[in-house]
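**Student:** So the protein sequences, as listed, match chains A and B. Under UniProt numbering, the first residue of the first sequence carries the number 1, and numbering increases by one thereafter. Under UniProt numbering, the first residue of the second sequence carries the number 1, and numbering increases by one thereafter. Quick one: the structure is below, questions incoming.
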Amino acid sequence: MNRLFFQPHQAGLSKVQAAEHTLRNINPDVLFEVHNYNITTVENFQHFMDRISNGGLEDGKPVDLVLSCVDNFEARMTINTACNELGQTWMESGVSENAVSGHIQLMIPGESACFACAPPLVVAANIDEKTLKREGVCAASLPTTMGVVAGILVQNVLKFLLKFGTVSFYLGYNAMQDFFPTMSMKPNPQCNDKNCRKQQEEYKKKVAALPKKEVVQEEEEIIHEDNEWGIELVSEVSEEELKNSSGPVPDLPEGITVAYTVPQQQEDSVPDVTVEDSGESLEDLMAKMKNM
Amino acid sequence: MADEATRRVVSEIPVLKTNAGPRDRELWVQRLKEEYQSLIRYVENNKNADTDWFRLESNKEGTRWFGKCWYIHDLLKYEFDIEFEIPITYPTTAPEIAVPELDGKTAKMYRGGKICLTDHFKPLWARNVPKFGLAHLMALGLGPWLAVEIPDLIQKGVIQHKEKCI
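Structure below.
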């Protein structure tokens with residue numbers, strides 16, 4: 001986060017204060033509430049849980065979504081603990097230490113794997129670590145990778161809140177090969193977090209209580225009782241015209257197509273009318289036009 | 001694990017049984033007792049082997065810990081204050097030990113003096129939850145960190161000895 005917000009004139013401010021100032025300048029209509037503390041301590045954790053359960057748009061109501069943009073395992077586990085206890089849906093995001101991979105993850109307590117259900121997932125690197133690790137240096141930082149991960153996180157949030165597209169439970173980003181793996185993970189029935197196990201039980205009960213949905217295939221046929229005038233539906237473009245205006249579609253992998261195709265030259269097609277060369281000079285032609 | 005010597009030392013530290021954090025009321029008290037027992041044993045072992053290198057104590061609730069550690073280099077004893085807080089996700093996550101007086105003096109440290117451990121530590125700790133406790137954290141975390149950082153800091157002239165001993 002600090003790579004995306006902090007500017008030199010903000011030196012001395014905490015990260016969240018600087019973020020608030022920058023964001024408020026971008027959109028003054030957003031409401032901000034800022035806290036700067038270590039959420040892993042016993043005192044602060046209680047306050048943190050309280051703000052999740054009471055800090056919604058309407059005071060006293062829980063928030064709709066929690067987004068984790070922290071940079072360490074301990075903080076993530078702490079957020080996980082809070083959300084499992086409160087049954088709070090949240091999304092976690094992260095960038096690897098070598099800064100060439102990242103991921104986002106959606107966690108719905110009881111329904112999907114929580115952060116403690118499995119050891120931390122790693123986007124496979126497929127690179128020689130030696131090309132990245134320098135002796136004596138801990139970690140790399142690429143604001144570009146963070147920008148990409150931030151983008152896919154917010155995109156997932158929009159899809160989740162506004163109910164469009166497919167919300168990914170897990171979306172990875174491998175910057176070296178430009179690979180975006182997706183997947184979803186079921187919760188672990190033996191998860192170490194007892195609240196996760198409890199949420200799993202509650203979710204199973206909720207699913208069992210839903211009415212059975214019958215999948216009925218209905219073929220919609222538009223039938224009119226009578227068709228006195230014999231009206232038929234015909235395409236605006238004739239079959240032959242369609243064939244003449246389409247060209248070959250190139251061999252493309254799944255998920256990519258062309259915006260339109262260009263027909264190949266046909267020898268026996270009717271020639272269009274072309275301009276004639278009358279032998280007049282350019283100046284003559286310009287004068288001719290002027291005198292029209 | 002680190003090296004043979006560390007492995008041996010750690011194998012002589014009693015492991016803990018209760019998987020409880022500071023929010024678990026009575027179970028936390030149980031865990032605290034086990035922590036103290038393990039720490040006392042570890043310090044005793046060190047004294048017997050003439051490698052006594054730290055002291056630790058906590059507040060009444062066992063959530064804040066503080067003490068001293070020392071490191072011998074070239075016959076000189078260097079002493080440092082240490083402190084840490086128990087995170088609510090303990091023992092799943094290990095506490096972050098801080099050596100405040102070395103803050104800003106080494107790259108292997110976060111702001112506030114929290115030491116940066118090697119890549120090996122976290123997976124090792126994760127695999128041994130809840131058996132590992134504060135004694136193991138000292139032996140596998142702070143100990144090796146001091147062994148790498150202090151000689152380097154001395155050599156660079158960043159720290160000077162406060163008292164001569166031995």
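Note that beta-carbon positions come from the ideal geometry of N, C-alpha and C, so glycine has one too.
1. What separation, rounded to the nearest whole angstrom, lies between the Cα atoms of Phe-66 of chain B and Leu-137 of chain B?
2. So Ile-88 of chain B contacts chain A; which residues on that side make the cut at Cβ distance below 8 Å?
3. Quick one: using the 10 Å Cβ neighbour count with 16 as the cut-off for buried, is Asn-84 of chain A buried or exposed?
4. With a threshold of 9 Å between beta-carbons, can Arg-23 of chain B be considered close to chain A, or not?
5. If you follow the alpha helix (DSSP H) that Asp-152 of chain B is part of, which residue opens it and which one closes it?
6. Tell me where the alpha helix (DSSP H) around Ile-39 of chain A begins and ends.
7. Counting contacts by CB-CB distance shorter than 9 Å, is Glu-74 of chain A in contact with chain B?
8. DSSP three-state call for Trp-125 of chain B: helix, strand or coil?
9. Residues in its own chain within less than 8 Å of His-73 of chain B by CB, not counting five upstream and five downstream?
10. Just the chain A side, please: which residues come within less than 8 Å of Ala-126 of chain B by C-beta, in chain order?
11. Cα separation between residue 185 of chain B and Glu-33 of chain A?
12. Between the segment 9-18 of chain A and the segment 47-58 of chain A, are three or more C-beta pairs nearer than 8 Å?
13. Are the C-beta of Ala-209 of chain A and some C-beta of chain B separated by less than 9 Å?
14. Do Glu-34 of chain B and Lys-47 of chain B count as a contact pair if the criterion is CB distance below 9 Å?
15. At the 9 Å Cβ level, is Ala-19 of chain A part of the contact set with chain B, yes or no?
16. Say whether chain B places a C-beta atom closer than 9 Å to the C-beta of Ala-116 of chain A.
17. Under DSSP, the alpha helix (DSSP H) around His-21 of chain A begins and ends at which residues?
18. Which of the residues in the segment 183-199 of chain A, read from start to end, lie with their CB under 9 Å from any CB of chain B?
19. Check Glu-239 of chain A in the structure and name its three-state DSSP category.
20. Would you check if the segment 56-68 of chain A and the segment 171-183 of chain A touch, i.e. whether three or more CB-CB distances between them fall below 8 Å?
21. Alpha carbon to alpha carbon, how far is Lys-156 of chain B from Gly-133 of chain B? Give it in angstroms, no decimals.
22. Under the three-state reduction of DSSP, which class applies to Ile-83 of chain B: helix, strand or coil?
23. Can you say whether residue 178 of chain B is buried or exposed, counting buried as having 16 or more other CB atoms within 10 angstroms of its CB?
24. So with Cβ pairs under 9 Å, would you call Glu-35 of chain B a contact of chain A?
25. Write down every uninterrupted run of the beta strand (DSSP E) in the segment 31-95 of chain A whose length is 3 residues or greater and which is fully enclosed by it, in chain order.
26. Does the segment 83-92 of chain B come close enough to the segment 38-54 of chain B to have 3 or more Cβ pairs within less than 8 Å?
27. To be precise: take each residue of the segment 58-92 of chain B, compare its Cβ to all Cβ atoms of chain A, and keep it if any distance is under 7 Å. Which residues remain?
28. Can you find a C-beta in chain A that's less than 9 Å from the C-beta of Lys-131 of chain B?
29. Pick out whichever of B:Ala-49, B:Glu-61, B:Lys-68, B:Thr-63 has its Cα sitting closest to the Cα of Arg-55 of chain B.
30. Please name the residue, chosen from A:Pro-189, A:Gln-10, A:Ile-104, A:Ile-231, that lies closest to Glu-111 of chain A on a Cα-to-Cα basis.
31. Closer than 7 Å by beta-carbon distance: list the chain A residues that pair up with Lys-122 of chain B, in chain order.
32. With DSSP run on the structure shown, which of helix, strand or coil describes Gly-172 of chain A?
33. Which residues share a DSSP beta bridge with Leu-162 of chain A?
34. Between which two residues does the alpha helix (DSSP H) holding Ile-115 of chain B run?
35. Do you know whose CA, among A:Glu-74, A:Thr-41, A:Glu-20, A:Ile-39, lies nearest Leu-31 of chain A's CA?
36. Per the contact definition of three or more C-beta pairs closer than 8 Å, is the segment 99-113 of chain B in contact with the segment 97-107 of chain A?
**Tutor:** So, from the data block:
1. Distance between the alpha carbons of Phe-66 of chain B and Leu-137 of chain B: 14 Å.
2. Within 8 Å Cβ-Cβ: Thr-40, Thr-41, Val-42, Phe-45, Thr-78, Thr-81.
3. Taking all protein chains in view, the Cβ of Asn-84 of chain A is crowded by 16 or more other Cβ atoms within 10 Å, so the residue is classified as buried.
4. Taking Cβ atoms only, chain A reaches closer than 9 Å to Arg-23 of chain B, which makes this a yes.
5. Looking at the DSSP string, the run of the alpha helix (DSSP H) that includes Asp-152 of chain B is 143-155.
6. That residue, Ile-39 of chain A, is in no alpha helix (DSSP H); it is neither H nor E in DSSP.
7. At a cut-off of 9 Å between beta-carbon atoms, Glu-74 of chain A makes contact with chain B.
8. In this structure, Trp-125 of chain B counts as helix in the three-state DSSP scheme.
9. So the list reads Ile-150, Pro-151, Ile-154, once near-sequence residues are dropped.
10. The answer, in chain order, is Pro-119.
11. This structure does not reach residue 185 of chain B, given that chain B is present from 1 up to 166, and the question cannot be answered.
12. Cβ pair count under 8 Å is below three, so no.
13. Judged by the 9 Å Cβ criterion, Ala-209 of chain A is not in contact with chain B.
14. Pairing Lys-47 of chain B with Glu-34 of chain B gives a Cβ-Cβ distance that is not under 9 Å.
15. No - not a single Cβ of chain B is within 9 Å of the one on Ala-19 of chain A.
16. Any Cβ of chain B closer than 9 Å to the Cβ of Ala-116 of chain A would place that residue at the interface, and such an atom is present.
17. In the DSSP assignment, His-21 of chain A falls within the alpha helix (DSSP H) that extends over 15-26.
18. Of all residues in the segment 183-199 of chain A, Asn-192, Asp-193 have a Cβ within less than 9 Å of some Cβ in chain B.
19. For Glu-239 of chain A, the three-state secondary structure derived from DSSP is helix.
20. As far as the Cβ criterion goes, the segment 171-183 of chain A does not touch the segment 56-68 of chain A, which means the pair count is below three.
21. Rounded to whole angstroms, Gly-133 of chain B to Lys-156 of chain B spans 33 Å at the Cα level.
22. The residue you asked about is not Ile; residue 83 of chain B is Glu in the sequence shown. In the three-state scheme derived from DSSP, where H, G and I count as helix and E and B as strand, Glu-83 of chain B is classed as strand.
23. Lying outside 1 to 166, the shown extent of chain B, residue 178 of chain B is not represented and no answer is given.
24. It does not: the Cβ of Glu-35 of chain B has no partner Cβ on chain A nearer than 9 Å.
25. For the segment 31-95 of chain A, whole beta strand (DSSP E) runs of length 3 or above, ordered along the chain, are 66-68, 90-95.
26. No, the segment 83-92 of chain B is not in contact with the segment 38-54 of chain B.
27. Those residues of the segment 58-92 of chain B placed with their C-beta closer than 7 Å to a C-beta in chain A are Thr-63, Glu-85, Pro-87, Ile-88, Thr-89, Thr-92, ordered along the chain.
28. Look at Lys-131 of chain B: its C-beta is not under 9 Å from any C-beta on chain A.
29. Of the candidates B:Ala-49, B:Glu-61, B:Lys-68, B:Thr-63, the one whose C-alpha sits nearest the C-alpha of Arg-55 of chain B is B:Lys-68.
30. The shortest C-alpha separation from Glu-111 of chain A is found at A:Pro-189.
31. Here the neighbours are Phe-73.
32. Three-state DSSP puts Gly-172 of chain A in a strand.
33. DSSP, once it has assigned bridges, lists no residue as partnering Leu-162 of chain A.
34. Here Ile-115 of chain B belongs to no alpha helix (DSSP H), and DSSP marks it neither H nor E.
35. For Leu-31 of chain A, the nearest C-alpha among the options comes from A:Glu-20.
36. Fewer than three Cβ pairs drawn from the segment 97-107 of chain A and the segment 99-113 of chain B lie within less than 8 Å of each other, which leaves the two stretches out of contact.
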